[in-house]
Structures are given as C-alpha cells and as structure tokens.
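Just so we're aligned, residue 0 is where the sequence shown starts under numbering that gives the first Met the number 0, counting upward by one.
We treat Cβ as the ideally placed atom computed from N, Cα and C, and that holds for glycine.
These figures come from a predicted structure and were not determined experimentally.
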Amino acid sequence: MPTIARIGNIKIQIYAEDHNPPHFHVITPDREAIVALADLSILQGSLRNGDYRVVREWAFQHRRFLEDEWNSSNG
0 MPTIARIGNI KIQIYAEDHN PPHFHVITPD REAIVALADL SILQGSLRNG DYRVVREWAF
60 QHRRFLEDEW NSSNG
C-alpha cells in the first residue's frame, strides 16, 4: 500500500493489481474512502466535507500523475 502523496494528515494511496474502475484510496486519521479517477466521486467510504474538498482539488491538479500511477501499478 504505497502512499503516493500526503496532503497534511491525508494519505493518497494506489494499490497494485487493484480492481476497476481506476481509483485511489484516501486515508485520514478517522476515515477512509475510495475515489474514482474519472470524476473524483467517492465510490466507497466517506470523508469529512473539508477533507473531500482538499482531496478533489489536489486530485484535479494531479490527475495525470494519478492516472500514470494507476497504469503503472495496474496496467
């Protein structure tokens, strides 16, 4: 479970050989969620509104990086 980025106390992870659709995992001290790369929606779990806002903004700015990480781990 490599952490590919940290945003404060939020970890962003992409697991090797993971299931579709392409997604990333978000881990905070008290919550976890799976977020779709396609539209940045939460597929599973939950995040506090402020954390979700921060994650969406970061992911939007780093979408290519996330896609590359997904493809190298799951392609």
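* Measure the beta-carbon distance from residue 42 to residue 65 and round it to whole angstroms, keeping in mind my assumption that it falls under 8 Å. => Not quite, the Cβ-Cβ distance comes to about 14 Å (not below 8 Å), so this is no contact.
* Asked: For residue 62, which of helix, strand or coil comes out of DSSP?
  -> helix
* Bridge partners - residue 25, DSSP secondary structure assignment -> 11 and 32
* Beta-carbon contacts of residue 26 that lie in its chain and below 6 Å, excluding the five residues immediately before and after -> 10
* Tell me, please, which residues DSSP counts as bridged to residue 49. => Bridge partners of residue 49: none, in fact.
* Quick one: give me the first and last residue of the beta strand (DSSP E) that residue 42 is part of. => 41-44
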